[in-house]
């Protein structure tokens with residue numbers, strides 16, 4: 286019944302198969318797989334390649350002896366959740382879906398492409414070059430093997446995403462049938478899910494950087510002001526991981542030791558000002574343009590992902606009428622949820638003197654001649670995409686210095702030390718005399734509220750002397766941020782700083 290339906294050219298259809306009510310569906314049609322075997326569809330629509338920033342092939346179409354086209358992904362699982370898949374039976378997902386009209390060559394028209402189509406009988410396809418570095422992506426994926434979570438690495442000056450790793454990942458080379466069925470049944474736990482953009486988590490103590498920025502941005506901010514932490518806030522009921530308390534705590538000390546009591550207290554004092562600061566850092570907003578649907582590459586690259594980066598919408602009413610809710614939000618719990626990309630953008634803005642850049646995933650589009658990219662198609666202005674100022678410049682610089690203390694004497698002390706030796710960045714458990722670690726950041730341990738281990742977070746910048754790159758790491762139910770996410774971030778920054 287459905288065999289004919291499934292032999293159309295895949296590519297013009299944009300939906301991916303799903304599982305609901307014990308049926309798999311494509312375009313609303315249900316189908317079942319007899320003995321886990323499916324007759325292959327007729328063909329994929331011809332489409333261009335997806336390349337990394339250096340021209341490394343991430344996805345390409347291979348034409349068989351009988352003219353059938355299959356899609357190959359040389360880096361396999363390392364890029365699968367990001368790139369998605371173009372499959373003759375199951376349809377399109379990820380960038381293969383959102384950039385489909387470009388890859389298939391339907392987004393551009395010119396005398397050259399019309400002549401090519403008439404002369405060859407084929408549509409002139411388009412190669413897409415991403416901002417991702419394939420080698421770095423692969424190394425980070427190896428660091429995340431056997432874990433569930435995500436890693437995002439950004440260039441803080443341009444907003445370019447150098448890595449977007451999500452684990453677990455699906456294997457696009459697997460034959461149609463049981464593997465694909467079992468994977469899609471997993472829902473949000475599936476390897477099809479791109480956790481860097483699709484999943485939202487409580488950011489835990491990494492969000493304290495936003496609370497700290499809001500506190501320091503006040504006109505009456507006094508860096509010497511502090512309070513005594515006795516391990517629990519009597520009024521708000523917020524406990525600290527250090528049950529004995531931290532004693533007298535200033536903002537600098539609170540960031541270094543990640544004091545829940547201090548941040549819950551100042552969060553309530555800030556009230557709606559905390560909401561305003563969070564909004565300036567990109568919470569409660571979409572990275573897609575508002576209004577009519579955009580066909581620009583940058584916009585399409587982020588299409589199909591959550592429109593809002595935080596959890597349920599925060600309102601000024603919440604922050605005026607429910608101090609305990611505010612206290613929890615100030616330490617990255619309850620009302621606060623964020624994608625890994627959002628937290629990478631947050632730490633990147635701090636490293637960029639308080640200015641947030643729009644995330645960029647696409648570098649350019651090129652006419653494709655199947656084995657070479659011939660001619661750049663300019664479809665967007667080559668200018669820096671500033672979102673705006675997230676915090677004052679002096680506040681950002683102060684937070685950078687505080688994050689150095691986190692790594693030197695605070696919660697990040699046990700994370701491997703990153704330093705330069707004979708022209709290369711290396712990691713060591715002990716710093717040589719006279720060296721300082723070139724990784725700075727903030728650890729986070731976020732409660733899940735489900736009787737399971739906490740999520741492990743780390744956000745950071747490198748090199749510390751003059752930050753160029755930002756990283757955000759989450760390992761679901763990984764425990765302490767310094768123990769699990771921190772070392773992964775350190776290895777990621779080492780690889781990024783050493784990339785060619």
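Residue numbers (our numbering): 286 to 785. Cβ atoms here follow ideal geometry from the backbone N, Cα and C, with glycine treated the same way. None of the values given here were measured: they were computed from a predicted structure.
Inter-residue spacing [alpha-carbon to alpha-carbon] between residue i and residue j
| i | j | result |
| --- | --- | --- |
| residue 496 | residue 368 | 34 angstroms |
| residue 531 | residue 539 | 9 angstroms |
| residue 360 | residue 471 | 23 angstroms |
| residue 383 | residue 336 | 16 angstroms |
| residue 311 | residue 375 | Unreliable positioning characterises residue 311 in this predicted model, as indicated by a pLDDT of 48, which lies under 50. The coordinate reading is nonetheless provided below. The straight-line gap from Cα to Cα measures roughly 7 angstroms. |
| residue 749 | residue 772 | 16 angstroms |
| residue 334 | residue 653 | 8 angstroms |
| residue 323 | residue 372 | In this prediction, residue 323 scores a pLDDT of 38, lower than 50, which makes its location untrustworthy; the coordinate-derived value is nonetheless stated afterwards. Distance between the alpha carbons of residue 323 and residue 372 is about 13 angstroms. |
| residue 501 | residue 522 | 24 angstroms |
| residue 325 | residue 650 | Annotation note: pLDDT 44 at residue 325 (below 50); position unreliable, coordinate value reported separately. Spanning the two alpha carbons is a distance of roughly 31 angstroms. |
| residue 639 | residue 648 | 24 angstroms |
| residue 275 | residue 636 | The chain is shown only over 286 to 785; residue 275 falls outside these bounds and no answer can be derived. |
| residue 448 | residue 632 | 15 angstroms |
| residue 721 | residue 357 | 44 angstroms |
| residue 422 | residue 694 | 31 angstroms |
| residue 613 | residue 478 | 28 angstroms |
| residue 503 | residue 548 | 15 angstroms |
| residue 506 | residue 606 | 24 angstroms |
| residue 715 | residue 494 | 27 angstroms |
| residue 339 | residue 780 | 16 angstroms |
| residue 365 | residue 550 | 43 angstroms |
| residue 562 | residue 342 | 40 angstroms |
Member of the options whose CA lies at the smallest distance from the CA of residue i
| i | options | result |
| --- | --- | --- |
| residue 430 | 783, 781, 770 | 770 |
| residue 644 | 526, 703, 415 | 415 |
| residue 474 | 544, 650, 435, 458 | 435 |
| residue 763 | 329, 465, 733 | 733 |
| residue 387 | 379, 365, 411, 366 | 411 |
| residue 389 | 428, 419, 329 | 329 |
| residue 379 | 348, 553, 422, 455 | 455 |
| residue 752 | 785, 706, 689, 715 | 689 |
| residue 738 | 498, 721, 549, 761 | 761 |
| residue 385 | 355, 332, 341 | 332 |
| residue 564 | 673, 354, 545, 441 | 673 |
| residue 442 | 535, 543, 670 | 670 |
| residue 566 | 526, 609, 681 | 681 |
| residue 440 | 642, 391, 679 | 642 |
| residue 568 | 534, 622, 609, 774 | 622 |
| residue 515 | 498, 504, 534 | 534 |
| residue 545 | 570, 519, 677, 346 | 519 |
| residue 555 | 527, 609, 526, 571 | 609 |
| residue 709 | 741, 785, 684, 526 | 785 |
| residue 536 | 684, 467, 413 | 684 |
| residue 453 | 446, 445, 463, 425 | 425 |
| residue 725 | 691, 711, 704 | 691 |
| residue 498 | 552, 529, 480 | 552 |
Local Cβ density within 10 Å of residue i, reported as buried at 16 or more and exposed below that
| i | result |
| --- | --- |
| residue 713 | exposed |
| residue 404 | Any reading at residue 404 needs caution, since the residue's pLDDT is 48, under 50, leaving its predicted position unreliable; the model's value is listed next. Flag for residue 404 reads exposed. |
| residue 362 | buried |
| residue 560 | buried |
| residue 458 | exposed |
| residue 427 | exposed |
| residue 541 | buried |
| residue 766 | buried |
| residue 736 | exposed |
| residue 349 | exposed |
| residue 776 | buried |
| residue 231 | Any property of residue 231 remains undetermined from this structure, which presents the chain solely from 286 to 785. |
| residue 397 | Residue confidence for residue 397 is low, a pLDDT of 47 falling below 50, so the modelled location carries little weight; the figure read from the coordinates is stated next. The residue in question, residue 397, is exposed, as its Cβ has fewer than 16 Cβ neighbours within 10 Å. |
| residue 679 | exposed |
| residue 417 | buried |
| residue 381 | buried |
| residue 745 | buried |
| residue 706 | exposed |
| residue 718 | exposed |
| residue 543 | buried |
| residue 413 | buried |
| residue 702 | buried |
| residue 445 | buried |
Cβ of residue i within 8 angstroms of any chain C Cβ
| i | result |
| --- | --- |
| residue 421 | Looking at the structure shown, chain C is missing, and only one protein chain is on hand. |
Please specify which runs of the alpha helix (DSSP H), each continuous and at least 4 residues long, are wholly inside the region 339 to 396, giving them in chain order. 365 to 368, 380 to 383, 385 to 388
Quick check: the region 507 to 522 against the region 692 to 700, are there 3 or more CB pairs under 8 angstroms? no
Ordered list of alpha helix (DSSP H) runs contained in the region 497 to 567, each at least 4 residues: 536 to 542, 545 to 555, 557 to 565
Using 8 angstroms as the Cβ pair cut-off and three pairs as the minimum, do the region 609 to 629 and the region 752 to 771 touch? yes
Does the region 723 to 739 touch the region 608 to 624, meaning 3 or more C-beta pairs lie closer than 8 angstroms? yes
On the three-pair Cβ rule with 8 angstroms, is the region 431 to 450 touching the region 477 to 490? yes
Minimum length 4: unbroken alpha helix (DSSP H) runs contained in the region 656 to 735: 678 to 693
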